[in-house]
Amino acid sequence: PEWRGYFAPPALQALIVEALANNRDLRIAVLRVEQARAAYGIERANRLPVLAAQASGQRQQVPADLSLTRHEMITSQYQAGLGVSAWEIDLWGRLASLRGAALEDYLASDAARRAVTMSLITHVAEGYFDVREIDQRIALARRTLATRQESYRIFSRRVAVGATSRLNLTQVETLLLQAQALTSQLEQERDRKRHALQLLVGSPHALAPLDAEAASAAG
Numbered sequence: 022p023e024w025r026g027y028f029a030p031p032a033l034q035a036l037i038v039e040a041l042a043n044n045r046d047l048r049i050a051v052l053r054v055e056q057a058r059a060a061y062g063i064e065r066a067n068r069l070p071v072l073a074a075q076a077s078g079q080r081q082q083v084p085a086d087l088s089l090t091r092h093e094m095i096t097s098q099y100q101a102g103l104g105v106s107a108w109e110i111d112l113w114g115r116l117a118s119l120r121g122a123a124l125e126d127y128l129a130s131d132a133a134r135r136a137v138t139m140s141l142i143t144h145v146a147e148g149y150f151d152v153r154e155i156d157q158r159i160a161l162a163r164r165t166l167a168t169r170q171e172s173y174r175i176f177s178r179r180v181a182v183g184a185t186s187r188l189n190l191t192q193v194e195t196l197l198l199q200a201q202a203l204t205s206q207l208e209q210e211r212d213r214k215r216h217a218l219q220l221l222v223g224s225p226h227a228l229a230p231l232d233a234e235a236a237s238a239a240g
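Have a look at this one:
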């Protein structure tokens, strides 16, 4: 299929194949896209460019003095977006305006199937890259949290033996609490993004390829 040329990661391709298999009924596909949009809390424009989509990844070296962990590291950023297409279908506006037989006729058309299929593929790709990006941020936040926990342990012992002031310990504790709050916030955001992606794909076990890919990257 044409979309494989845009979306190379095997895990993403597996998700798209699963989504297409679970959303052959256009009514179900439209419902799941709307549910995912609601889960994201995002209002998208009615006019949805179709037929052209693109994805990109970028790796960047972060010097030690700019890293939160004080160690040189490599970060990865993933983006997915829509390109300019030769034609567009006002899919969501039309679906909202049609009723009864007119809606059924439209959903039975080849144009509607192409539009809904590309919308589904694009949303799955965006969801995939969103989850991968938040996983990267959580990994960094957890490393930072571990560093803050170790600092707090060291300063607690230094205060106990009178080697430093309690004010210094309070400052270290503040940094620890901030790291804990950020990590928790990111994990909640990841849960929300994963839920939206599961809604799109239509299977509670749909993210297994993504999880396997993330585990392999971490290893």
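Numbering-wise, my numbering comes out as the position in the sequence shown, counting from 1, plus 21.
The C-beta atom is built at its ideal place from N, Cα and C for all residues, glycine as well.
- Annotated as proximal: Ala217 and Ala60, with beta-carbon spacing under 7 Å.
- For Leu166 against Thr204, the beta-carbon gap comes to about 5 Å, under 8 Å, which counts as contact.
- For Val193, the enclosing alpha helix (DSSP H) has its first and last residue at 187–222.
- Tyr173 and Asp212 have their alpha carbons spaced roughly 29 Å apart.
- Two segments are said to touch when three or more pairs of C-beta atoms, one from each, lie closer than 8 Å; by this definition the region 28–43 does not touch the region 184–203.
- Rounded to the nearest whole angstrom, the CA to CA distance from Ala133 to Leu112 is 8 Å.
- The region 44–53 makes no contact with the region 147–167, as fewer than three CB pairs between them are under 8 Å.
- In this structure, the alpha-carbon of Ala236 lies about 19 Å from that of Ala146.
- Comparing alpha carbon positions, the residue from Asp131, Arg53, Ala136, Asp151 closest to Glu210 is Asp151.
- Within 10 angstroms of the beta-carbon of Ala122 lie fewer than 16 other beta-carbons, which makes it exposed.
- Counting along the chain, no alpha helix (DSSP H) covers Ala184, and no H or E run does either.
- Straight through space, the alpha carbons of Leu161 and Ala184 are spaced by roughly 31 Å.
- The Cβ neighbour count for Ala50, taken over all protein chains shown within 10 Å, is at least 16; the residue is labelled buried.
- Arg53 sits close to Leu220, with the two beta carbons spaced by under 7 Å.
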